[in-house]
Structure formats: structure tokens, C-alpha cells
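Let me begin by presenting the structure, written as C-alpha cells, before commenting on it.
There are 2 protein chains.
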Amino acid sequence: MKKRSSVTQKQIAERAGVSQTVVSLALNNSYEIALNDETRQRVVDVATELGYVPQAAAKALVRGHSSNIGLILIQPHYQVFRDPFIPNIITGISGVVRAHDYRLLVEHIDNVNQLHTIPNMLRGGEVDGLVLSTFDTLESIIEPLTKDGYPIIFLDKPAKGHYAVTIDHEFGVRLAASHLLACGHQDVGVIPFSPATPHTLRRLDAFKDAFASAGCPIPEDRVRFGNYDPESGYEAMKTLLQIRPLPSAVFGMNDLMAIGAMRAIHEAGLSIPQDIAVIGYDDMRFAPFTRPTLTTIRAPEVEQGQVAGDALIKRIAGEALAERQISLKPQLIIRESCQ
Amino acid sequence: MKKRSSVTQKQIAERAGVSQTVVSLALNNSYEIALNDETRQRVVDVATELGYVPQAAAKALVRGHSSNIGLILIQPHYQVFRDPFIPNIITGISGVVRAHDYRLLVEHIDNVNQLHTIPNMLRGGEVDGLVLSTFDTLESIIEPLTKDGYPIIFLDKPAKGHYAVTIDHEFGVRLAASHLLACGHQDVGVIPFSPATPHTLRRLDAFKDAFASAGCPIPEDRVRFGNYDPESGYEAMKTLLQIRPLPSAVFGMNDLMAIGAMRAIHEAGLSIPQDIAVIGYDDMRFAPFTRPTLTTIRAPEVEQGQVAGDALIKRIAGEALAERQISLKPQLIIRESCQ
DNA sequence: TTACATAACTAATACGAATTAGTAGCCATT
DNA sequence: AATGGCTACTAATTCGTATTAGTTATGTAA
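Those protein sequences? They're chains V and W, same order as listed.
The first sequence runs 1 to 339 under the working numbering.
The second sequence runs 1001 to 1339 under the working numbering.
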């Protein structure tokens, strides 16, 4: 790990017969201090001739910021990238970030012992700000950081006062509920996520609440937790199929569990949606190609990434944001499995 | 974008009543220069008390390396993250990277005007090395960099002499071909990718070659290009269904196109695999839950990310690698759609 | 008792770019 | 002819850490 020799402003200065100061001024197009156009051009020419690239570390040190932004993923390792959420977010963020000449540093944290990297990255100046994907609240870690003025954008509902760009999944869940009710389903099964976090539980509550408000409260035996995987949806559905009289529909809280449920239903010799309707959540790419095609909820995740990246960059630049919490709405996609 | 005041070694030095040198030595556990254990401890205590975090930029400047590694994704924007490849690679890399105290910088390049960021990141010292995902050869860009000793690992077959950790997709495709032949299929359709790159064309050739070697050359009208999406597989299959006599199987070069093809087959009132067998590529998560379940090829992408990250870190450390090109083998997953 | 090693430090410098504080030369006022 | 203002630069300093080159005090061997 030796140092790699690289072209410096000093070398350019010698070649061009000027001081390092002039090189810096010329290359940064600074017009605060007057420079002869000829000199300026000569410096630029020498720089390109030598293949000059500024040293990021030196620049960062003297300017006091890194031009990196961080995306922190806090999830158990087995789960990150298993749902399409992260790739979509990265897609959204990375476009924005590059347009503003920032770089994206992706850091994955999968256990509490690694949480210290969050303050370290900010305080160590590795990044100028963070986008934080989390299913847990991290008040004790984040509070001091925001108090110190570090820009942080949450992708999940945080405590009041923090900045956040979230997707209103409770709304999404209510969309699913209303659609089920509109289709005449009064007795439905639900397959939510486990391990149950505050956020996922809130979604479940929203769903239950929607049905309760419509006069069809959901009994506890209609709720069977899965773990994001199709297999878990399959197992959950099998137990739901024991209930008599049979529920007339199921809501899988992600598409993967929903296709698991569909398989269980088919294996039981029942048909979808005639015997049991199915509705999923995510609108993954296979959803229009299941048999029958899957009715589901689409969340604007790429947009979420864009908006979050944008908000972060504004905060870094010191711009005020119109609102601290931006909430994006999911959308109902009606296909064959529930219509 | 003001500078954020942070705790420095100088401040610790003052508080502990020692010189900054001692602080640096104590905090870095250096034993080259003798330090009194008491002093050492006092410095460490003051440091934790003040919440010291070293400035990454200063460290990088003086040490000559950043402790960042870069993952460069070169693909049209509409396509990155649309296949599961990238998330899998990131999963693999990020574990390795964090274990070695590196950070992962993800940079997405979606047009040739941005290619200059590759040399810039290396020459500017933003990263100590790169993992390069590309479907194109970039000789003119990469050559001078490797010549200057910058560590770069390719994820796709590069020119001789470069370091690479690749997946042997030609082998994977031959696996599919052998399985089809073993199942007695002699007249098959293929749905490869378009736009056709050298790499994807090589896969197609491998497939054709396998059939030709078995005495069943594949006529041109059996080859219908798709574009990664299920919809394109659907359309491709529709044209394949016009052929008489009907081919007895199709190979979709990814699972998404394969499920598109399956839909077309079902819509034509044919059954899988009795009338037409289907085989995919990728083993995406829905593959065990299609109807019928999808026979496919699984590529070890997470492992590819791990091995590539590992190789890069070794190269950065100056270690020699046993072999320049490491090739990982895909695996046949037999399910109902072709058995 | 001088020389000499060793422990335990401090001072000074380097890293590369940005920036602040000069400086020299020239022209235009007064 | 002294003053001020401008242009076009240079010199010096700064950022925070690592590292090299001292320095001082103390103990030990000759």
C-alpha cells in the first residue's frame, strides 16, 4: 500500500513557471483574484498535458467537506437486497447524487455493534450527510448528530422534528383494504411480516382498522405472520386454509408472500379469485405474469430515492426545505387475482 | 456548507498535557516509539471523553490512500437494478469490504460521457481500487490505469492479463442445453438478450453450439431476441408459437423473459412442459412459485461479489493472487417446467 | 566519570489544495 | 511628486494527521 505518485499543482506550477497559488486559481476558475488570461490558459494546458486530477483528500481536508453522501442500510444481512426496496432507492438516489457531483457511499449495518459507524462517518467527515433506511428508531444515536447540525434524511417514519421522505404504507394498506371491501370481501386473511417492527405493526393495524371501520373486524386467527419469503407465505396460507368457513380473500403484505399463498391455494384445489382472492404489495416485476396476474400495491420507491437525495443535497447546501416530512402515496394496481 | 468543528488531536493534546505527536501515537497503538502506559491511557481517556473521531480526509492525505473501494456499474440507467445481479454483487462485496474496514463507493455510469470518472476516482485518490461491472470492453480507459498499478477487478470477461472474477455463463448456458437435450428436446426456441453485446452473443453461440454438436442445429427462426423484460419474453414467444411444427421447448435467457414466455404458452392453450417445456436463467426468487415451477440456472452472484471484493483488497494490500482470472460455475436447478 | 544506551517525550515537517496576506509594477489623480 | 487604486502575481498559512528528527532525563557499562 505504497503511495501512488500523482500529478500535483506544484508540478504544474513549476512547468508553467508560476506559483502554486496561480495554478489553484486558474484551475478553479476563480475570478476573485485577477489572472492574466494567457497565464490562465497556459496553466490549464499544462494541467491537461500532465493529466492532472485533484487529490480528493487534500481538497476535502482544506474545504471541510467530502462531497460524499452516505446511504446507510440497517437491516439483517439476510434481508437486505431480498426485497426490491434497496435497488430502487439506490437507483433513485444515484441519479440525483451524480447530477450534483456527489458520490454515493453505501454502508450496510446488520447488527447493533456496527451502529457506531453512523456517527463516525459523519464526524469523521467521510460523508457530508446521510440517507438512513431503517426499521428501528435510533434516537439515541441520531439525536446528538442532528443537534450538531449534520444533515440526515430518514426513509422511514422517524420521531417528530427529523427530516424524512417516506412512503405512506399505511395509506397503501388501506388502499388494499378498500379494494377488498369494494370487491365484497368481508372475511379476509392477512399475512404480515415477522419479525414485527413498529412500522410493520402499524401497517397491520391500519389494515385491521379499515376492516373494523367497515363493520368487519378481523379475528386474530386470520392473521398469520410470514417472513418476507414466498415459502413463508405458502406456510401461512396453509394454516389460513384450515379456517371454516374459508375466508374469501388474503392480503399478502408483499408480493413474494402473496405468490407463496397463491401456490398453497392452488394446491388445495381452489381457484383464484373465485374461491379466494389474493392481493399483494410491491408490484414486483413478476406480478403481471403470475397466474392469475396479481393485484397489488405499487410504492414509488425510485421516486423516494430521488426526493430523498434531493432533500439531502439541499440540506447540505444549507437550503431550507419547505417541509420536514414528505410522504409519497402508493397506488393500487388491479389485476386478475382480486378485481 | 460551513466547516463543522470537530475534535482534533491538538485539542486532546492540550487537555491531556502532551504533544499532538503523543496523541497520534497513543491512539494508533504504535509501539515503535516508547510511551508511558499511564500517558497512553490518559490520552485514550481524554479522546473518548471528547468523542474524538479522526478526520478521514486528513488521514487519507497523509497516508496516501482512502480506504474506499469503488464499485462501478456501467449500464444504461433503465437497466441497472432491473436484474438481480447488482443487488447480489453488492451484498457479496459489502460484507467483505466492511470486514476489512473499507467503505464501498457505488458509482453508476450510464453513458460514455461519464467514463472519465473511472480514472478520476482512482487518480484523485477517492478509491484505492475498483470493481468493474461492465458489458463492454474499456481497454483505452483501463489500460493506462492498470499500467500505473491501480488495482481493478472485472466482473465480466476482460482482455487477457486483467484481473477478473467472472461467472462462466457459457457453461451455464451449456448446462441448460444439455438438460434440454437430455429431456429429448431436439427442436427448441431461444430468447436471448437484445441489445446484443459480445458477451450475450457468446452465450447464444454456446447454446447453439451445444445443440449443433448434438446433431440438432438451431435454425435462425428459432431465435427471438427479448430485452430482459417479461413483456419481451411474451412477445418473443408469441412469434415462436407460429412455427410449425412447434418447437418442443424454449430457453429464456433470464427468468423474467421465461415467465413472459410461459404466459404466451398458456394463452395459446398449451401446457408446460407437456406441449412446450420452458427453462430460464437466474433462479430468481419467484422461480419456485411459478405454475409450473421454473427449471432454471442459478449463478453464484453473491459469491462473485465476495470473491471479487476479497481479490481487490488483496491486490490493494499488494498481495499476489494465485490466478488472475477466477471463474465461478452456475448450477442447474430442475423444477417442473422442464424435467 | 565519561560515554552510551534507553525511555519518554517534543518539535518540525510532510501530505496537496485553498485561501489570506502580501508585494511589485503601472497608471491616473490631485 | 506623493497618493491611491488597479493588475497580476508570490509567499505564507491552513486544514488534521502521521512521521521523522530531535531533546531531555535517567540508568548502566567501561
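Backbone N, C-alpha and C fix where the C-beta goes; we use that ideal spot for every residue, glycine too.
Since this is a predicted model, take the numbers as computed values, not measurements.
- Item | Between the CA atoms of ARG1291 of chain W and LYS238 of chain V - distance to the nearest angstrom | 18 Å
- Counting only the same chain and skipping the five closest in sequence on each side, list residues whose C-beta sits under 6 Å from that of LYS1002 of chain W. Confidence is the limiting factor: at LYS1002 of chain W the pLDDT is only 48, short of 50, which leaves the residue's position unreliable and the question unanswerable from this model.
- How many Å lie between LEU1181 of chain W and PHE1207 of chain W at the Cα? 11 Å
- Would you tell me roughly how many angstroms separate the C-alpha atoms of ALA317 of chain V and TYR234 of chain V, rounded to the nearest one? Going from the Cα of ALA317 of chain V to the Cα of TYR234 of chain V covers about 49 Å.
- Message: Check for me: the alpha helix (DSSP H) holding ALA1182 of chain W runs from which residue to which?
- Response: 1169-1182
- Query: Which residues in the same chain as THR44 of chain V place their Cβ atom closer than 8 Å to its Cβ, once the five residues preceding and following it in sequence are excluded?
  - Reply: The sequence given here places Val at residue 44 of chain V; Thr does not occur at that position. If we look at VAL44 of chain V and ignore the five residues flanking it on each side, its Cβ neighbours are ALA26 and LEU27.
- Query: In chain W, which residues lie with their C-beta within 9 Å of the C-beta of GLN306 of chain V?
  - Reply: Those do not exist, as GLN306 of chain V stays about 12 Å from chain W at its closest Cβ, beyond 9 Å.
- Is it buried or exposed for LEU1312 of chain W, if we count other Cβ within 10 angstroms and need 16 for buried? buried
- Query: Taking the alpha helix (DSSP H) that SER24 of chain V falls in, what are its first and last residues?
  - Reply: 20-27
- Query: Among residues of its own chain, excluding the 5 on either side of HIS1162 of chain W, which ones have a beta-carbon nearer than 6 Å to its beta-carbon?
  - Reply: PHE1154
- Is the CB-CB distance between PRO247 of chain V and VAL188 of chain V below 7 Å? yes
- Message: Which residues of the stretch 1096-1113 of chain W have a Cβ closer than 8 Å to any Cβ of chain V? Give them in chain order.
- Response: With the criterion set as a beta carbon lying under 8 Å from some beta carbon of chain V, the members of the stretch 1096-1113 of chain W are ARG1098, ARG1103, LEU1104, LEU1105, VAL1106, GLU1107 and HIS1108, in sequence order.
- Item | Other residues of its chain near VAL96 of chain V: CB distance less than 8 Å, five sequence neighbours each side excluded | GLY305, GLN306, GLY309, ASP310 and ILE313
- Top-ranked residue by Cα proximity to ILE1012 of chain W, from W:VAL1023, W:SER1005 and W:SER1006: W:VAL1023
- Task: Starting from SER958 of chain W, trace the beta strand (DSSP E) both ways and give me its first and last residue.
- Result: Beyond the ends of chain W as shown, which are 1001 and 1339, falls residue 958 of chain W; an answer cannot be given.
- Query: Using a beta-carbon distance below 7 Å, is LEU61 of chain V in contact with chain W?
  - Reply: yes
- With DSSP as the reference, label LEU312 of chain V as helix, strand or coil. helix
- In whole angstroms, what separates the C-alpha of ALA214 of chain V from that of GLY1092 of chain W? Distance from the CA atom of ALA214 of chain V to the CA atom of GLY1092 of chain W, rounded to whole angstroms, is 47 Å.
- Cα separation between TYR1052 of chain W and GLN1009 of chain W? 8 Å
- Hey, ILE69 of chain V and GLY129 of chain V: beta-carbon distance below 7 Å or not? yes
- From W:ARG1244, W:ILE1243, W:SER1271 and W:GLY1252, pick the residue whose C-alpha is nearest to that of ASN1227 of chain W; which is it? Shortest Cα-Cα distance from ASN1227 of chain W to any of W:ARG1244, W:ILE1243, W:SER1271 and W:GLY1252 involves W:GLY1252.
- Query: Residues of chain W with CB under 8 Å from GLN55 of chain V, in chain order?
  - Reply: LEU1061, GLY1124 and GLY1125
- Compute the beta-carbon to beta-carbon distance between CYS183 of chain V and ALA277 of chain V, rounded to the nearest angstrom, for a pair I have assumed lies under 8 Å. Rounded to the nearest angstrom, the Cβ distance from CYS183 of chain V to ALA277 of chain V is 7 Å, consistent with a contact under 8 Å.
- Query: Looking at C-alpha atoms only, which residue of W:PHE1085, W:SER1019 and W:ILE1033 is the closest neighbour of ARG1285 of chain W?
  - Reply: Of W:PHE1085, W:SER1019 and W:ILE1033, the residue nearest in Cα terms is W:PHE1085.
- Message: Do PHE289 of chain V and ARG1263 of chain W count as a contact pair if the criterion is CB distance below 7 Å?
- Response: yes
- Does DSSP put LEU321 of chain V in a helix, a strand or coil? coil
- Using a Cβ-Cβ cut-off of 7 Å, state whether PRO87 of chain V counts as contacting chain W. Judged by the 7 Å Cβ criterion, PRO87 of chain V is in contact with chain W.
- Identify the contact partners of SER6 of chain V in chain W, using a Cβ-Cβ distance below 9 Å as the criterion. ARG1123, GLY1124 and GLY1125
- Task: Give the DSSP bridge partners of HIS342 of chain V, in chain order.
- Result: One cannot answer for residue 342 of chain V here, as it falls past the ends of chain V, which runs 1 to 339.
- Mind pulling the chain V residues with CB within less than 9 Å of HIS1266 of chain W? Close partners of HIS1266 of chain W in chain V (Cβ separation under 9 Å): ARG291.
- Three-state secondary structure assigned by DSSP to ARG340 of chain V: Outside the shown range of chain V (1 to 339) lies residue 340 of chain V, about which nothing can therefore be said.
- Neighbour list for SER24 of chain V in chain W, Cβ cutoff strictly below 8 Å: Result: empty, since nearest Cβ-Cβ is about 15 Å, beyond 8 Å.
- Would you say PRO1076 of chain W reaches chain V, if we count a Cβ-Cβ gap shorter than 7 Å as a contact? no
- Item | Proximity below 7 Å, CB of ASP1156 of chain W to CB of THR1134 of chain W | Closer than 7 Å, so yes.
- Taking Cβ to Cβ, would you say ILE297 of chain V is nearer than 7 Å to LEU201 of chain V? no
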